[in-house]
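For reference, the structure discussed in these notes is given below.
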Amino acid sequence: MLAAIGRLLLGMALVAACIPAALAAPTRVPVVAAAASVRFALADVADAFQRETGHGVRLSLGSSGNLARQIREGAPYDLFLSADPRYVEDLLRGGFTRDAGKAYLLGRLALIVPHGSPLAADGSLADLRAALADGRVRRFAIANPEHAPYGQRAEQALRHAGLWDAIRERLVLGENVGQAAQFALSGNAEGGLVGFALARAPALAARASAALVPSAWHAPLSHRAVLLNGADAIARAFFDYLSSPGARALFRRHGFDLPGD
Amino acid sequence: MDWTALWLSLRLGAFTVVLLLPVGIFVGRRLAYSDFAAKGLVEALVALPLVLPPTVLGFYLLTVFGATSPIGGMWEALAGKPLVFSFEGLLIASLIVNLPFAILPMQRGFEAIPREVREAAACCGMSPWRVLGRIELPLAWPGVLTASVLSFAHTLGEFGVVLMVGGNIPGETETISIAIYDRVQAFDNAAAAGMSALLLGISVVTITLTFVLSRRIGRRLG
Chain B
309 MLAAIGRLLL GMALVAACIP AALAAPTRVP VVAAAASVRF ALADVADAFQ
359 RETGHGVRLS LGSSGNLARQ IREGAPYDLF LSADPRYVED LLRGGFTRDA
409 GKAYLLGRLA LIVPHGSPLA ADGSLADLRA ALADGRVRRF AIANPEHAPY
459 GQRAEQALRH AGLWDAIRER LVLGENVGQA AQFALSGNAE GGLVGFALAR
509 APALAARASA ALVPSAWHAP LSHRAVLLNG ADAIARAFFD YLSSPGARAL
559 FRRHGFDLPG D
Chain F
444 MDWTALWLSL RLGAFTVVLL LPVGIFVGRR LAYSDFAAKG LVEALVALPL
494 VLPPTVLGFY LLTVFGATSP IGGMWEALAG KPLVFSFEGL LIASLIVNLP
544 FAILPMQRGF EAIPREVREA AACCGMSPWR VLGRIELPLA WPGVLTASVL
594 SFAHTLGEFG VVLMVGGNIP GETETISIAI YDRVQAFDNA AAAGMSALLL
644 GISVVTITLT FVLSRRIGRR LG
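As given, the protein sequences belong to chains B and F, one line each in that order. This note's numbering applies: residue 309 is where the first sequence begins, and numbers increase by one. This note's numbering applies: residue 444 is where the second sequence begins, and numbers increase by one.
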């Protein structure tokens with residue numbers, strides 16, 4: 309029995325001994341902290357970057373506000389892709405970034421309605437107004453306005469349309485806009501306000517209809533990319549790549565508008 | 444299946460078990476055999492992570508080990524990288540959450556050894572280390588194994604703490620539980636289903652083993 313325990317301990321020690329070797333990656337792959345709203349587009353851009361340069365990047369997705377908080381707490385990110393310039397400015401003031409970065413995308417807000425929902429995909433939100441009045445909408449998904457830019461813009465748009473007070477009680481808040489979209493499509497909500505680029509992703513488009521909400525109803529969704537203090541050469545190359553013709557074409561295909569168009 | 448995340452979780456689990464084994468044996472044995480003034484307090488502290496919400500632990504870890512804290516600053520100066528949002532930070536969190544899973548089963552295992560057996564061993568002139576190695580561990584092994592299995596499985600499933608102090612970095616802090624959450628947000632239900640099924644399987648095996656072993660603890664010497 310002692311031998312059995314000895315073997316067990318020895319086995320564990322061997323496993324532990326192998327771990328440092330496995331941990332020490334030969335070259336560090338930069339980490340891109342990105343707003344969840346660019347999830348699918350950015351995955352394509354990262355793939356294209358890898359094909360062209362041979363270098364990969366790792367993506368860590370969340371709400372821009374949460375990612376900015378993690379950067380302040382010391383998260384080892386190289387590049388920050390925020391859906392709101394405000395977070396970049398805050399980080400610059402705090403000395404966490406090299407500069408103010410660059411605006412690289414313009415996002416749009418869209419109403420998504422899962423197939424089978426009693427709500428119509430009407431970007432003017434007229435049917436949402438009617439549905440709130442007659443009780444067709446019990447749950448409505450947006451991202452958390454506290455720290456998710458798309459959630460903040462959704463709140464602005466709903467306020468602009470005069471629906472905020474009526475819809476407040478029925479909101480389900482996603483941690484980020486990706487989770488809000490997932491809530492809206494899970495069948496537990498009649499619809500939601502999310503990023504247009506997410507709504508266009510095949511996995512979502514197959515299960516929901518989407519309609520653009522007028523961009524004048526909310527502050528612009530100006531996505532900003534900024535290099536963080538620890539960024540290495542690959543991260544800088546990826547930062548530059550975001551404005552390359554190839555990347556711009558991919559972003560456009562995913563439903564983003566581009567600065568300078 | 445996200446192999447990077449699975450491998451990360453397996454590594455985290457292995458490290459947790461290896462590091463907690465000696466702690467569990469030492470503390471579990473002390474709690475089983477000795478009576479000391481603060482024993483009740485120590486037992487309560489050991490069990491605390493069972494009821495402490497993981498997000499609360501995550502919050503304190505961020506506060507105590509964050510980049511702006513003295514400890515976090517010291518670590519960063521020594522290791523060259525921050526403790527939170529790193530594998531090492533996750534490991535520390537994992538060690539704390541798993542204390543009860545490592546210590547309590549071992550304590551039960553040692554308690555099941557009759558006092559006369561240990562006394563007889565000591566009377567025969569065996570050194571304390573020899574008693575531990577030749578008598579106690581062979582008798583308490585179901586407790587030791589239960590502790591290892593529980594800590595390992597619990598590490599694979601830990602979510603709240605990892606979400607708070609991990610930062611979801613592939614290959615560094617994105618464990619399999621976080622990967623499931625991420626895959627659901629990416630509408631990749633097939634991958635989420637695969638990984639969930641794997642964790643379900645591991646949990647079933649764990650709980651079966653735990654029940655079988657705990658019956659053994661009671662039976663062999665009862």
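Where is the CB? At the ideal position from N, CA and C, for every residue including glycine.
Output the distance between the C-alpha atoms of residue i and residue j, rounded to the nearest integer angstrom.
i, j, result
"F:THR598", "B:ALA465", "42 Å"
"B:PHE404", "B:ARG377", "11 Å"
"F:LEU547", "F:ALA590", "8 Å"
"F:VAL560", "F:GLY467", "21 Å"
"F:LEU575", "F:ASN632", "49 Å"
"F:PRO571", "F:ALA634", "51 Å"
"F:VAL587", "F:ARG573", "17 Å"
"F:LEU464", "F:ALA545", "7 Å"
"B:TYR385", "F:LEU526", "13 Å"
"B:VAL421", "F:PRO543", "46 Å"
Leaving aside the five residues before and after residue i along the sequence, list all residues of the same chain whose C-beta is less than 6 Å from its C-beta, in chain order.
i, result
"F:LEU582", "ILE556"
"F:PHE469", "none"
"B:HIS363", "ILE542"
"F:ILE578", "ALA564"
"F:ALA640", "none"
"B:PRO457", "SER372, ALA391, ASP392"
Rounded to the nearest angstrom, how far is the Cβ of residue i from that of residue j, given a contact under 8 Å?
i, j, result
"F:GLU617", "F:PRO497", "With 8 Å as the limit, F:GLU617 and F:PRO497 do not qualify as a contact, their Cβ atoms being about 17 Å apart."
"B:LEU413", "B:LEU566", "7 Å"
"F:GLY501", "F:GLY644", "So it is not a contact: roughly 27 Å between Cβ atoms."
"B:ALA344", "B:SER371", "6 Å"
"B:ALA451", "B:GLY482", "5 Å"
"F:LEU474", "F:VAL485", "7 Å"
"F:LEU642", "F:SER537", "That belief does not hold up - the Cβ atoms of F:LEU642 and F:SER537 are roughly 16 Å apart, past 8 Å."
"B:LEU400", "B:VAL340", "B:LEU400 to B:VAL340, Cβ: 18 Å. No contact."
"F:PHE595", "F:VAL460", "5 Å"
"B:ARG347", "B:GLY486", "6 Å"
Please return the same chain residues whose Cβ sits closer than 8 Å to the Cβ of residue i, not counting the five positions on each side in sequence.
i, result
"F:PHE528", "VAL608, GLY609, GLY610, ILE612, GLU615, THR616"
"F:SER452", "THR598, LEU599, THR618, ILE619, SER620"
"F:THR506", "SER512"
Can you tell me which residues form a DSSP beta bridge with residue i?
i, result
"B:VAL480", "B:ALA449"
"B:GLY370", "B:ALA343"
"B:THR405", "B:LEU536"
"B:SER530", "B:LEU414"
"B:PRO422", "B:ALA516"
"B:PHE388", "B:ALA341, B:VAL534"
Leaving out five residues before and five after residue i in sequence, what residues of the same chain have Cβ atoms less than 7 Å from its Cβ?
i, result
"B:ILE475", "LEU440, PHE448, LEU466"
"B:SER523", "ARG416"
"B:ALA329", "Reliability fails at B:ALA329, whose pLDDT of 48 lies under 50, so the model's placement of it is uncertain and the value that follows must be treated cautiously. Here the set comprises nothing."
Given a limit of 7 Å on CB to CB distance, which residues of the segment 384-410 of chain B reach chain F? Cβ contacts with chain F: PRO384.
If contact means a Cβ-Cβ distance below 9 Å, which residues of the segment 348-371 of chain B contact chain F? From the segment 348-371 of chain B, only PHE348, ALA351, ARG366, LEU367, SER368, LEU369, GLY370 have a Cβ closer than 9 Å to chain F.
Of the residues that make up the segment 459-477 of chain B, which ones have a beta carbon closer than 9 Å to any beta carbon in chain F? Those residues of the segment 459-477 of chain B that come within reach of chain F (Cβ to Cβ, closer than 9 Å) do not exist; the list is empty.
Got a sec: which bits of the segment 510-521 of chain B sit with their beta carbon under 7 Å from any beta carbon on chain F, in order along the chain? Residues of the segment 510-521 of chain B whose Cβ lies closer than 7 Å to any Cβ of chain F, in chain order: ALA511, LEU512.
Just by C-beta distance, which residues in the segment 459-488 of chain F are closer than 9 Å to chain B? Of all residues in the segment 459-488 of chain F, VAL460, VAL461, LEU462, LEU464 have a Cβ within less than 9 Å of some Cβ in chain B.
Contacting positions in the segment 513-531 of chain F - beta carbon closer than 9 Å to chain B: Taking 9 Å as the Cβ-Cβ cut-off against chain B, the residues of the segment 513-531 of chain F that qualify are GLY515, GLU519, LYS524, PRO525, LEU526, VAL527, PHE528, SER529, PHE530.
The segment 623-645 of chain F: which residues have C-beta closer than 8 Å to a C-beta of chain B, in chain order? Here the close residues are ASP625, VAL627, GLN628, ALA629, PHE630, ASP631.
Selection of the segment 409-428 of chain B by Cβ proximity to chain F, strictly under 8 Å: Residues passing the 8 Å Cβ filter: none.
If the cut-off is 7 Å on Cβ atoms, which residues from the segment 589-623 of chain F count as contacting chain B, listed in chain order? Residues GLY610, ASN611, ILE612, PRO613, GLY614.
Under 7 Å (Cβ pairs) to chain B, residues found in the segment 492-512 of chain F: Considering only beta carbons, the part of the segment 492-512 of chain F lying closer than 7 Å to chain B consists of LEU505, GLY509, ALA510, in chain order.
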